[in-house]
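Worksheet: one structure, shown below.
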Amino acid sequence: MTDYSQMEPRRSAQESPEPREQEIELGTLWNGVRRRLPVILLATGIIGAGVYALSRGQPDVFEATASLVTTGNSGNLGSGRDSVVTASPLPEGALQEALNGPTVLGRIITGLRETTRIPQELRTELADDLQRELQLREVKTLQLQNQLDFNGNGIYSVTARAGSSVAAKFLADLSAQVLLDWDRGRALNGLGRASQSLQAQLAEIDRQLAEGASSDLERQTLVASRASLQRTLAQVDIQAKGATGSLELVSPAVEPLERVAPKPTRNAILAGLLTLLLGGGLAALRTVTDRTARSEDDLLSFGLPTLGSVPKLRRRDVVFSGIVRAARQAGLYEALGFLRVNLLTRLGTLKGQRIMISSTAPGEGKSSLTATLADTMANSGLRVLIIDADMRRGTQQDVWDKYESSHKWLQLSGEGGARTLQEALGAPENVQVIEAEPGVHVLPAGPGLQDSMGLLNRAPLSQILESWSSSYDLVLIDSPPMLALADGLILGRHVDQVLIVVEEGKTSLNAVKQTLRRAHNASVPILGFILNKVSASSQEAQGYGYGYGYAPRKRGG
1 MTDYSQMEPR RSAQESPEPR EQEIELGTLW NGVRRRLPVI LLATGIIGAG VYALSRGQPD
61 VFEATASLVT TGNSGNLGSG RDSVVTASPL PEGALQEALN GPTVLGRIIT GLRETTRIPQ
121 ELRTELADDL QRELQLREVK TLQLQNQLDF NGNGIYSVTA RAGSSVAAKF LADLSAQVLL
181 DWDRGRALNG LGRASQSLQA QLAEIDRQLA EGASSDLERQ TLVASRASLQ RTLAQVDIQA
241 KGATGSLELV SPAVEPLERV APKPTRNAIL AGLLTLLLGG GLAALRTVTD RTARSEDDLL
301 SFGLPTLGSV PKLRRRDVVF SGIVRAARQA GLYEALGFLR VNLLTRLGTL KGQRIMISST
361 APGEGKSSLT ATLADTMANS GLRVLIIDAD MRRGTQQDVW DKYESSHKWL QLSGEGGART
421 LQEALGAPEN VQVIEAEPGV HVLPAGPGLQ DSMGLLNRAP LSQILESWSS SYDLVLIDSP
481 PMLALADGLI LGRHVDQVLI VVEEGKTSLN AVKQTLRRAH NASVPILGFI LNKVSASSQE
541 AQGYGYGYGY APRKRGG
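First residue of the sequence shown: 1, per the UniProt record's numbering; consecutive thereafter.
Below, the structure is given as structure tokens:
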């Protein structure tokens, strides 16, 4: 019986350089945006269509504007000698406050309710809206803009919004007229106070004359004063008829021909452009902050080659055909061919080399890739042994059972014996393997084992693997993820090279960095990476799509 003893690793590990900090280039940003462009365009179309439909469902809005002019002239109320009295100039913001206040806006609401020029339903709606805006102190139906100089002279524009062109014109003209009346009322208020004062003086004189206690001279003085006050009062009454405010109507409202809202086409275009810009910005930001492996360029900073980029298979093909048959379809077959050529070029012609295939975390496709790579190697005439060393979650037998439900068992060593790696590590001299297909033999992992690391530490791995690989061109070892279990680090010290499977868009660069650091500390030789589950858009962006459509020409066509 051969004496198996612990041996040192066959080869020293390559040092794993620390990755350099990645620089975000315009090309990288564009690729990140282009990967997400279909989703961005879809969102743009949906939002644009939604905004268009929402805008079409909104009621029509028309706008009409009436213009008022103001001058800085003021009347003289003290002497009562002017034939025309004009109200004093309006302080800044006074007209806006008046329009928003209950005096002016209340009269506008009353005028709306009383008119017959607008349909009942529309005028009621307008009046209710203005009443609500008055209570909220936020008037939106009526807007006041001004263009004034430093002296307060200029133009006021009153803009009204309504559901019809007729209603908009009427509301703008009504608002302008109410403002004119309010402004003229300021002048009349001054004259009214002057009239009240004069009438009070006349009443006092009349009272004194009625008492008869005054002397002739005093009585004559009172009579003369009374006559003067009467003349002044008459002048005030005359001025009241010609009193005017500081505002004048310049241009009444014109009935609008087109609505100002809604504008569904414009709104849809603006919403689409905003969505497009926002989506592009978010995609660029996601690209900048995305620290996952998206392409071979992302892995260059680790100083190790990427031996192949393997496309992602459709789940339907895998379910119905199995991973091995699905991998033979055009696309994946050529990608595995490139991987095979790159791998054999670096390994040379030495037979029996042991290649461990691992990953950073579960689910990155290392087991499926091991099976499909073995199938590709066998098709080129090589004898390949697959050792499923993931003794906690072994999947190689399931993969090949999907390919062929019944298998033939062959002797790997001795006679009869173990049919799983768990058993074979205890009795390596008598081991059987599955003939998965011509040229591919598989040693399954066996049922889930909790203490797999202890079993690996107790076994003379170097001598065992040396013996098992002697009759094969290549041995592929499917190991557990290197960040999940230490089993991969133990196995890695007894193989020739290690390939790290990296899933596009899922494996983080930090996880790759940690894996390489652990491998370096454990003296595990890392040959390079395999970028797995590459999307179709990434293949096109990286220039891999040209060969996958180069199908053989059919004869007789």
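Ideal Cβ positions, reconstructed from N, Cα and C, are used throughout, including at glycine.
Discussion item. Taking a contact to mean a Cβ-Cβ separation below 7 Å, would you say VAL69 touches ILE155 in this structure?
Written reply: Here residue 69 corresponds to residue number 69 of the sequence shown, with the count starting at 1. Here residue 155 corresponds to residue number 155 of the sequence shown, with the count starting at 1. Cβ atoms of VAL69 and ILE155: closer than 7 Å.
Worksheet entry | Nearest residue (CA-CA) to GLY152, options LEU90, ALA203, ARG123 | Here the question's residue 152 lines up with position 152 in the sequence shown. Comparing Cα-Cα distances from GLY152 to each of LEU90, ALA203, ARG123, the minimum goes to LEU90.
Worksheet item: Which term fits residue 558, buried or exposed, when burial requires 16 or more other beta carbons within 10 angstroms of its beta carbon?
Response: Residue 558 is absent from the model: the chain starts at 1 and stops at 557.
Worksheet entry | CB contact flag (PRO480, GLY488, <7 Å) | Here residue 480 refers to the residue found at position 480 when the sequence shown is read from its first residue. Here residue 488 refers to the residue found at position 488 when the sequence shown is read from its first residue. Yes, the pair counts as a contact, with Cβ atoms nearer than the cut-off.
Worksheet item: Closest by CA to LEU343, which one among LEU307, SER467, PRO262?
Response: Within the sequence shown, residue 343 is the residue found at index 343, counting from 1. It is LEU307 whose Cα lies nearest to the Cα of LEU343.
Discussion item. If the criterion is Cβ atoms closer than 7 Å, does the pair PHE62 and ALA194 meet it?
Written reply: Taking the sequence shown and counting its residues from 1, the one referred to as residue 62 is at position 62. Taking the sequence shown and counting its residues from 1, the one referred to as residue 194 is at position 194. Result no, Cβ atoms of PHE62 and ALA194 do not sit closer than 7 Å.
Item to complete: Return the first residue and the last residue of the alpha helix (DSSP H) that residue 561 is part of.
Response: It is not possible to answer for residue 561, since the shown part of the chain is limited to 1 through 557.
Item to complete: Check the DSSP bridge columns for ILE357 and list the partner residues they point to.
Response: By one-based count along the sequence shown, residue 357 stands at place 357. DSSP lists ASP478, LEU499 as partners of ILE357.
Worksheet entry | Selected residue, minimal CA-CA separation from ALA268, among ILE46, ARG518, VAL501, VAL524 | Here residue 268 is taken as the residue at index 268 of the sequence shown, counted from 1. A check of alpha carbon separations from ALA268 across ILE46, ARG518, VAL501, VAL524 identifies ILE46 as the nearest.
Fill in: LEU126 versus GLU114 - alpha carbon distance
Locating residue 126 in the sequence shown gives position 126, where the first residue counts as 1. Locating residue 114 in the sequence shown gives position 114, where the first residue counts as 1. LEU126 and GLU114 have their C-alpha atoms roughly 12 Å apart.
Worksheet item: So, ILE500 versus ALA389, is the Cβ gap smaller than 7 Å?
Response: Here residue 500 is taken as the residue at index 500 of the sequence shown, counted from 1. Here residue 389 is taken as the residue at index 389 of the sequence shown, counted from 1. At a Cβ-Cβ threshold of 7 Å, ILE500 and ALA389 do not count as neighbours.
Worksheet item: So what does DSSP say about ASN267, is it helix, strand or coil?
Response: As a working mapping, residue 267 is identified with position 267 in the sequence shown. Of the three classes helix, strand and coil, the one that applies to ASN267 here is helix, per DSSP.
Worksheet item: Which parts of the segment 134 to 207 are runs of the alpha helix (DSSP H), unbroken and 4 residues or longer, counting only runs that do not cross its ends?
Response: Listed in chain order, the alpha helix (DSSP H) runs fully inside the segment 134 to 207 amount to none, counting runs of at least 4 residues.
Worksheet entry | Straight-line gap, SER215 to LEU249 (C-alpha atoms, nearest Å) | For the purposes of this step, residue 215 is taken as the residue at position 215 of the sequence shown. For the purposes of this step, residue 249 is taken as the residue at position 249 of the sequence shown. Within the model, the alpha-carbon separation for SER215 versus LEU249 is close to 56 Å.
Worksheet item: According to DSSP, is ASN76 helix, strand or coil?
Response: Taking the first residue of the sequence shown as position 1, residue 76 is located at position 76. At ASN76, the pLDDT of 43 sits below 50, so the modelled position is not reliable and the matter cannot be decided from this model.
Fill in: Rounded separation between VAL431 and ARG314 - CA only
By 1-based counting over the sequence shown, the position of residue 431 is 431. By 1-based counting over the sequence shown, the position of residue 314 is 314. The straight-line gap from Cα to Cα measures roughly 36 Å.
Item to complete: Evaluate contact between the segment 457 to 468 and the segment 323 to 336, counting only Cβ atoms and requiring at least three cross-stretch pairs below 8 Å.
Response: Verdict: no, contact absent.
Worksheet item: For GLY279, does the count of other Cβ atoms within 10 angstroms reach 16, so buried, or fall short, so exposed?
Response: In the sequence shown, counting from the first residue as 1, residue 279 sits at position 279. Counting Cβ neighbours within 10 Å, GLY279 comes out buried, since at least 16 surround it.
Practice prompt. Taking the CB atoms as reference points, tell me whether PRO256 and ALA64 lie closer together than 7 Å.
Written response: Counting from one through the sequence shown, the residue named residue 256 turns up at place 256. Counting from one through the sequence shown, the residue named residue 64 turns up at place 64. PRO256 places its beta carbon less than 7 Å from that of ALA64.
Worksheet entry | Candidates SER471, LEU304, ARG266, of which the one nearest ARG383 by Cα | Here residue 383 corresponds to residue number 383 of the sequence shown, with the count starting at 1. Across the set SER471, LEU304, ARG266, the C-alpha of SER471 shows the shortest separation from the C-alpha of ARG383.
Worksheet item: Going by Cα to Cα distance, which pick from LEU304, ILE526, ILE490 is closest to VAL498?
Response: The residue labelled residue 498 in the question sits at position 498 within the sequence shown. The shortest Cα separation from VAL498 among LEU304, ILE526, ILE490 belongs to ILE526.
Fill in: Residues bridged to GLY494 [DSSP beta-bridge criterion]
On the sequence shown, residue 494 is found 494 positions in, with the first residue counted as 1. The amino acid at residue 494 is misidentified as Gly; the sequence shows His. DSSP lists no partner for HIS494.
Item to complete: Would you list the one or two residues that DSSP bridges to ASP388?
Response: For the purposes of this step, residue 388 is taken as residue 388 along the sequence shown, with counting starting at 1. Beta-bridge pairing links ASP388 to ASP478.
Worksheet item: Leaving out the 5 sequence neighbours to the left and right, which residues in its chain are closer than 8 Å to residue 559 when beta-carbon positions are compared?
Response: Because the chain here runs from 1 to 557, residue 559 falls outside it and cannot be looked at.
Discussion item. What does the Cβ neighbour count give for LYS366, buried or exposed, with the cut at 16 atoms within 10 Å?
Written reply: As a working note, residue 366 is residue 366 in the sequence shown. The residue in question, LYS366, is buried, as its Cβ has 16 or more Cβ neighbours within 10 Å.
Fill in: Cβ neighbour criterion (16 or more within 10 Å) applied to ALA427
As a first step, residue 427 must be located in the sequence shown, where it is residue number 427. Exposed, since its Cβ has fewer than 16 Cβ neighbours within 10 Å.
Worksheet item: Within 10 angstroms of its Cβ, does ARG161 collect 16 or more other Cβ (buried), or is it exposed?
Response: Counting from 1 along the sequence shown, the entry for residue 161 is found at position 161. Buried, by the Cβ-count rule.
Item to complete: Please name the residue in VAL166, ALA172, ALA210 whose C-alpha comes closest to that of GLU258.
Response: For the purposes of this step, residue 258 is taken as residue 258 along the sequence shown, with counting starting at 1. Checked all of VAL166, ALA172, ALA210; the closest Cα to GLU258 is VAL166.
Fill in: DSSP three-state assignment for THR395, whether helix, strand or coil
Taking the sequence shown and counting its residues from 1, the one referred to as residue 395 is at position 395. In this structure, THR395 counts as coil in the three-state DSSP scheme.
Item to complete: Find the nearest neighbour of PRO252 within the set ILE387, SER175, LEU202, judged by alpha-carbon distance.
Response: In the sequence shown, residue 252 corresponds to position 252, counting from 1. Distance from the Cα of PRO252 is smallest, within the candidate group ILE387, SER175, LEU202, for SER175.
Worksheet item: Do you know how far the Cα of GLY245 is from the Cα of LEU229?
Response: Counting from one through the sequence shown, the residue named residue 229 turns up at place 229. Counting from one through the sequence shown, the residue named residue 245 turns up at place 245. Roughly 26 Å separates the two Cα atoms.
Worksheet item: Near GLN208, which residues of its chain fall below 7 Å by C-beta distance, leaving aside the five closest residues on each side in sequence?
Response: For this step, residue 208 is matched to residue 208 along the sequence shown. Contacts found: SER214, LEU222.
Worksheet item: In the segment 276 to 356, which residue ranges form an unbroken alpha helix (DSSP H) of at least 4 residues, counting only runs that do not cross its ends?
Response: Every unbroken stretch of the alpha helix (DSSP H) spanning 4 or more residues and falling wholly within the segment 276 to 356 is given here in chain order: 296 to 299, 315 to 321, 323 to 327, 332 to 347.
Worksheet entry | Residue of PRO311, GLN120, SER295 minimising C-alpha distance to ALA536 | Position 536 of the sequence shown, counted from the first residue, corresponds to residue 536. Residue PRO311 is the option with its Cα nearest to ALA536.
Discussion item. Once DSSP output is grouped into helix, strand and coil, what is the label at GLU114?
Written reply: In the sequence shown, the residue the question calls residue 114 occupies position 114. Per DSSP, reduced to three states, the secondary structure at GLU114 is helical.
Discussion item. Whole angstroms are fine: how far does the CA of LEU144 sit from the CA of ALA94?
Written reply: Start at 1 with the first residue of the sequence shown, and residue 94 comes out as number 94. Start at 1 with the first residue of the sequence shown, and residue 144 comes out as number 144. Rounded to the nearest whole angstrom, the CA to CA distance from ALA94 to LEU144 is 11 Å.
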